[in-house]
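Residue numbers (the numbering used here): 8 to 90. Cβ atoms here follow ideal geometry from the backbone N, Cα and C, with glycine treated the same way.
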Amino acid sequence: MLLVTIILIILLSLALIKVIAKGKFFDCKIKTVEQFHDAIWNNAHEFIFLIDQTSHVVKTNYCTLYKQPVNKDRTCFGEILQC
């Protein structure tokens with residue numbers, strides 16, 4: 008009985024190590040994707056607007072390019088362009 012318990016503990020420990028290693032691998036992948044995403048938003052020379060179904064801007068680089076203060080509230084697309 009003791010031998011079975013020890014084997015079970017070892018197997019569970021190995022499974023836990025595998026899960027932790029896989030999690031670190033995916034964390035690295037997620038970080039790479041986030042860096043790529045940020046590079047696109049921060050280095051684009053054109054305006055990029057991510058707009059939802061109600062014409063509110065979710066994310067934009069417009070304020071960065073024009074060096075305006077970033078508004079954290081959900082703003083309508085026309086209000087950002089001041090038209």
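Should residue i go down as buried or exposed, given a rule of 16 or more other Cβ atoms within 10 Å for buried?
| i | result |
| --- | --- |
| Val26 | exposed |
Considering only residues of the same chain and omitting the five flanking positions on each side of residue i, which have a CB-CB separation below 6 Å?
| i | result |
| --- | --- |
| Leu57 | Val65 and Lys66 |
| Asp59 | Val65 |
| Lys44 | According to the sequence displayed, residue 44 carries His and not Lys. Contacts found: none. |
Residue i and residue j look like a contact to me (Cβ under 8 Å); what is the Cβ gap, rounded to whole Å?
| i | j | result |
| --- | --- | --- |
| Ile37 | Trp48 | Not a contact, Cβ separation roughly 17 Å. |
Spatial neighbours of residue i within its chain, please: C-beta separation below 8 Å, excluding the five flanking residues on both sides.
| i | result |
| --- | --- |
| Ala51 | Asn68 |
| Pro76 | Cys70 |
Go through its chain and collect everything with a Cβ distance to residue i's Cβ below 7 Å, but skip five positions before and after it.
| i | result |
| --- | --- |
| His63 | Arg81, Thr82 and Cys83 |
- Item | Uninterrupted beta strand (DSSP E) stretches inside the segment 26-80 (no shorter than 3 residues) | 56-58 and 63-67
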